[in-house]
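Contents: one structure, followed by commentary.
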Amino acid sequence: MGVGIEVTNLNAWYGANHTLQDINLPIPANHATALIGPSGCGKSTFVRCLNRMHETNPIARVTGSVRVGDMDIYADASPVEIRRRIGMVFQRPNPFPTMSIYDNVCSGLKLNGFTNRKVLDEVVESSLRKSALWDEVKDDLKKKSGASLSGGQQQRMCIARALAVDPEVLLMDEPASALDPVSTSKIEDLIFELKTQYTIVIVTHNMQQAARVAEKTGFFLNGRMVEFDSTHKIFTNPSDKRTEDYITGRFG
Amino acid sequence: MKASLRQSKTRSAMRAATDHVATGLAILATILVIAPLFAIFGYLVFKGASSLNLDFFLKIPKPVGEEGGGMANAIVGSAVLLGVASLLGIPVGIGGGIYLAEFGRGTRFANAIRFTADVLNGVPSIVMGIAIYSLIVVPQHHFSAFSGGVALGIMMIPTVTRTTEEMLLMVPNSVREAALGLGVPNWRSVLSITLKTASPGVITGCMLAFARVAGETAPLIFTALGNQFWSTSLREPIAALPLQIYVYAISPYEDQHRLAWAGALVLIALIVIAVSLVRYVASRGILKGAS
Numbered sequence: 018m019g020v021g022i023e024v025t026n027l028n029a030w031y032g033a034n035h036t037l038q039d040i041n042l043p044i045p046a047n048h049a050t051a052l053i054g055p056s057g058c059g060k061s062t063f064v065r066c067l068n069r070m071h072e073t074n075p076i077a078r079v080t081g082s083v084r085v086g087d088m089d090i091y092a093d094a095s096p097v098e099i100r101r102r103i104g105m106v107f108q109r110p111n112p113f114p115t116m117s118i119y120d121n122v123c124s125g126l127k128l129n130g131f132t133n134r135k136v137l138d139e140v141v142e143s144s145l146r147k148s149a150l151w152d153e154v155k156d157d158l159k160k161k162s163g164a165s166l167s168g169g170q171q172q173r174m175c176i177a178r179a180l181a182v183d184p185e186v187l188l189m190d191e192p193a194s195a196l197d198p199v200s201t202s203k204i205e206d207l208i209f210e211l212k213t214q215y216t217i218v219i220v221t222h223n224m225q226q227a228a229r230v231a232e233k234t235g236f237f238l239n240g241r242m243v244e245f246d247s248t249h250k251i252f253t254n255p256s257d258k259r260t261e262d263y264i265t266g267r268f269g
Numbered sequence: 005m006k007a008s009l010r011q012s013k014t015r016s017a018m019r020a021a022t023d024h025v026a027t028g029l030a031i032l033a034t035i036l037v038i039a040p041l042f043a044i045f046g047y048l049v050f051k052g053a054s055s056l057n058l059d060f061f062l063k064i065p066k067p068v069g070e071e072g073g074g075m076a077n078a079i080v081g082s083a084v085l086l087g088v089a090s091l092l093g094i095p096v097g098i099g100g101g102i103y104l105a106e107f108g109r110g111t112r113f114a115n116a117i118r119f120t121a122d123v124l125n126g127v128p129s130i131v132m133g134i135a136i137y138s139l140i141v142v143p144q145h146h147f148s149a150f151s152g153g154v155a156l157g158i159m160m161i162p163t164v165t166r167t168t169e170e171m172l173l174m175v176p177n178s179v180r181e182a183a184l185g186l187g188v189p190n191w192r193s194v195l196s197i198t199l200k201t202a203s204p205g206v207i208t209g210c211m212l213a214f215a216r217v218a219g220e221t222a223p224l225i226f227t228a229l230g231n232q233f234w235s236t237s238l239r240e241p242i243a244a245l246p247l248q249i250y251v252y253a254i255s256p257y258e259d260q261h262r263l264a265w266a267g268a269l270v271l272i273a274l275i276v277i278a279v280s281l282v283r284y285v286a287s288r289g290i291l292k293g294a295s
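Chain order of the listed sequences is A and B.
Going by the numbering used here, the first sequence opens with residue 18, and the numbers climb by one from there.
Going by the numbering used here, the second sequence opens with residue 5, and the numbers climb by one from there.
Dropping the structure here:
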């Protein structure tokens, strides 16, 4: 089951660049939360702060607190543990090029020393079923390289790979922006399915997509969160003038 | 209308001509690159193949003045020396490359190591031989296979380090992030994901270094010394193909000249076989469609 996330006074920097300023945000468990905003507004940085990927960049810095369930991820645990509980799907599909589909999906378990083949088989099948890819690849699991799949299939494989380590939260950084419309709609259907079991945070440039998949939406602008409310409210009756300008296409 | 059509026709004819010229130049360049290799190999076969027989691979050199004999001890000796060199040069070289590309990126220490590796690559091989002579041979009071292997191994390090670094830097960052995002510790991600993704290039680098030192003579003169008899001990002087070729080539005897040609042919053939074998084994695990 997913857990809620409570972000308090989060600030982030890249070098001298203050990319996130005083973000406060409650992300509900087992729902999809969309983050929208123009390019460079800090929404990608924000999701990268939620699983401590932000700090893999040596010039990056963070202050504030992020509570996932009952754990403060910056105080109570190592980044490695955090990332096992909080999975991530990136903007471009990033399969491990030397691995088969099977190995790609169970790589998270294998690289953490898990070797029981029967369990791995089960996890690979259930993860690929969850990401709606099983029927397309079940015959060449070990024969084909993950990199040989189409872009949309690769992205669903990456989602399966993230699900295989059994996270509670799934962060998706523009997961469909590099894909064609058919693959995009598959990914959206998938998010719809997955949010019953996981807490999902999705960054998107596509406002229709946010409206379709998310219950809650946050609008980011210039490193600040301008407005956070139910998706319906954001898209029909936003409280802030800037949100209204953005969703009606007046800027950004 | 007509004028512009005609003009575009001449223009496309020009373009086609340029295309042919460029393709022709590329083919010519390729031939120039390959020609010396074939010329050398052909000449070696012409000069050396006739002296090749079973004895060459099974017997040790005959005393001066006697006909016949072989280079069995030199073939085995080269294998021993290259084994020691690879055990030293490949792990240290790959380790250094990993440090430069993954952990020390942008640090002063890494820049210093990179510079040192490039200088080491330019050190003449005879100087390497003298250095190892004074560092290992003199304190131990005897020439040895071990010291020869160390000299060759150190010569392998810079090539392996720099190619490993270059190949690791070519692995896209998204692949590293994918691994880290799954909760894989950084060291594990480096070894199992990044290095594995770069492995075809890294193996090529190791093979380049291997092939280069396999033919080295100068660093062995003060270290392995050479040996006319059977020895596989690391503590004793040992024979090596390049050394044996050198000794025979400058000898006054016609029979030994022929053996030197045969030795050179065998040396090149063995390098080609060793490199192809490693490439074949390394490529077997690669899946369909992998990039």
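The C-beta atom is built at its ideal place from N, Cα and C for all residues, glycine as well.
Discussion item. Counting C-beta neighbours from all protein chains within 10 Å, is the total for Ala29 of chain A 16 or more, i.e. buried, or is it exposed?
Written reply: Per the 10 Å Cβ criterion, buried.
Practice prompt. Would you mind telling me which residues of chain B sit closer than 9 Å to Glu98 of chain A, beta carbon to beta carbon, in chain order?
Written response: Chain order gives the chain B residues near Glu98 of chain A as Gly187, where near means a beta carbon separation below 9 Å.
Practice prompt. Have a look at Ala294 of chain B and Gln108 of chain A and give me their C-alpha separation to the nearest angstrom.
Written response: Its pLDDT being 47, under 50, Ala294 of chain B is placed unreliably by the model, and nothing is read from it.
Worksheet entry | Per-residue burial, Asn115 of chain B [other beta carbons within 10 Å of its own, 16 or more giving buried] | So Asn115 of chain B counts as exposed.
Worksheet item: How many Å lie between Val84 of chain B and Gly28 of chain B at the Cα?
Response: CA-to-CA, the gap between Val84 of chain B and Gly28 of chain B works out to about 45 Å.
Discussion item. For Asp190 of chain A and Gly185 of chain B, what's the separation of their Cα atoms in angstroms?
Written reply: Distance between the alpha carbons of Asp190 of chain A and Gly185 of chain B is about 12 Å.
Item to complete: May I have a chain-ordered list of the alpha helix (DSSP H) segments no shorter than 4 residues that lie completely inside the stretch 197-240 of chain A?
Response: Along the stretch 197-240 of chain A, the alpha helix (DSSP H) occurs as fully enclosed runs of 4 or more residues at 198-211, 224-230, listed in sequence order.
Worksheet item: What's the call for Ile118 of chain A, buried or exposed, on a 16-neighbour Cβ count within 10 Å?
Response: Here Ile118 of chain A is buried: its Cβ has 16 or more other Cβ atoms, across all protein chains shown, within 10 Å.
Fill in: Within 7 Å of chain B by C-beta, residues of the stretch 108-138 of chain A in sequence order
Answer set for the stretch 108-138 of chain A: Arg109, Asn111, Phe113, Pro114, Thr115, Ser117, Ser124, Gly125, Leu128, Asn129.
Worksheet item: Does Met105 of chain A have its Cβ less than 8 Å from a Cβ in chain B?
Response: By this cut-off, Met105 of chain A is an interface position.
Worksheet item: Under 8 Å Cβ-Cβ, which residues of chain B neighbour Met189 of chain A?
Response: The contacting residues do not exist; Met189 of chain A stays about 11 Å from chain B at best.
Practice prompt. Determine the chain B residues that contact Met70 of chain A at a beta-carbon separation under 8 Å, and present them in chain order.
Written response: Neighbours of Met70 of chain A in chain B, taken as residues at a C-beta separation under 8 Å, are given in chain order as Glu181, Leu184, Gly185.
Discussion item. Which residues of the stretch 95-107 of chain B have a Cβ closer than 7 Å to any Cβ of chain A? Give them in chain order.
Written reply: Per Cβ criterion, the list is empty.
Worksheet item: What are the start and end residues of the alpha helix (DSSP H) that includes Tyr31 of chain A?
Response: Tyr31 of chain A -> not in any alpha helix (DSSP H); beta strand (DSSP E) instead, spanning 22-31.
Worksheet item: For Thr274 of chain A, which option in A:Ala231, A:Asn111, A:Cys66 has the closest C-alpha, if you only look at C-alpha atoms?
Response: In this structure chain A extends from 18 to 269, so residue 274 of chain A is not present and cannot be described.
Worksheet item: Name the chain B residues that come within less than 9 Å of Val182 of chain A, Cβ to Cβ?
Response: Here the neighbours are Leu186, Gly187.
Discussion item. Measuring only the C-alpha atoms, how far is Lys292 of chain B from Pro176 of chain B?
Written reply: Confidence at Lys292 of chain B is low in this model, with a pLDDT of 46, below 50, so its placement is unreliable and the value that follows should be read with caution. Straight through space, the alpha carbons of Pro176 of chain B and Lys292 of chain B are spaced by roughly 20 Å.
Practice prompt. Count the C-beta pairs between the stretch 198-213 of chain B and the stretch 157-174 of chain B that are closer than 8 Å, then say yes if the count reaches three, no if not.
Written response: Judged by Cβ distances under 8 Å, the stretch 198-213 of chain B makes contact with the stretch 157-174 of chain B, as three or more pairs qualify.
Worksheet item: Residues in its own chain within less than 6 Å of Ser129 of chain B by CB, not counting five upstream and five downstream?
Response: Glu220, Ala222, Pro223, listed in sequence order.
Practice prompt. Give the interface partners of Ser196 of chain B over in chain A, defined as CB-CB distance under 8 Å, in chain order.
Written response: Going along chain A in sequence order, the residues near Ser196 of chain B (Cβ under 8 Å) are Leu128.
Worksheet entry | Proximity to Val154 of chain B [Cα-Cα], best of B:Ser82, B:Ser12, B:Glu258, B:Ala78 | Nearest option by C-alpha distance: B:Ser82.
Item to complete: Please state if the CB of Ala202 of chain B and the CB of Leu247 of chain B are separated by a distance shorter than 8 Å.
Response: No; because the gap between Cβ atoms is not below 8 Å, this pair is not in contact.
Worksheet entry | Beta carbon of Arg102 of chain A nearer than 8 Å to that of Val85 of chain A | Yes, the Cβ-Cβ distance between Arg102 of chain A and Val85 of chain A is below 8 Å.
Worksheet entry | N- and C-terminal bounds of the alpha helix (DSSP H) containing Ser151 of chain B | Looking at the DSSP string, the run of the alpha helix (DSSP H) that includes Ser151 of chain B is 149-174.
Discussion item. By DSSP's criteria, Arg84 of chain A is part of a beta bridge. Which residues make up the other side?
Written reply: The partner list for Arg84 of chain A (beta bridge, DSSP) reads A:Glu23, A:Asp89.
Worksheet item: Residues of chain A with CB under 8 Å from Ser178 of chain B, in chain order?
Response: Think of a sphere of 8 Å around the beta carbon of Ser178 of chain B: the chain A residues whose beta carbon falls inside it are Phe107, Arg109, Asn111, in chain order.
Worksheet entry | Segments assigned alpha helix (DSSP H), at least 4 residues, entirely inside the stretch 48-75 of chain A | Runs of the alpha helix (DSSP H) inside the stretch 48-75 of chain A: 60-67.
Worksheet item: The alpha helix (DSSP H) spanning His249 of chain A covers which residue range?
Response: Counted as a single uninterrupted DSSP element, the alpha helix (DSSP H) harbouring His249 of chain A occupies residues 248-253.
Worksheet entry | Asp59 of chain B: CB within 7 Å of a non-hydrogen atom of the ligand NAD | As far as ligands go, the structure on display features none, and thus does not contain the ligand NAD.
Practice prompt. Assign Asn111 of chain A to one of three DSSP states: helix, strand, or coil.
Written response: Asn111 of chain A: coil per DSSP, three-state reduction.
Worksheet item: Count the other CB atoms within 10 Å of the CB of Ile254 of chain B; is the residue buried (16 or more) or exposed (fewer)?
Response: Ile254 of chain B is exposed by the Cβ-count criterion.
Worksheet item: Nearest to Ser138 of chain B by CA position, among B:Ala33, B:Gly152, B:Ile44, is which residue?
Response: Ranked by Cα distance from Ser138 of chain B, the options B:Ala33, B:Gly152, B:Ile44 are led by B:Gly152.
Worksheet item: Where do the N-terminal and C-terminal ends of the alpha helix (DSSP H) with Asp120 of chain A fall, by residue?
Response: Residues 118-128.
Worksheet item: Shorter than 8 Å from the beta carbon of Ala33 of chain A to some beta carbon of chain B?
Response: Cβ-Cβ to chain B under 8 Å: no for Ala33 of chain A.
Discussion item. To the nearest angstrom, how far is the alpha carbon of Pro143 of chain B from that of Val127 of chain B?
Written reply: Roughly 23 Å between the two C-alpha positions.
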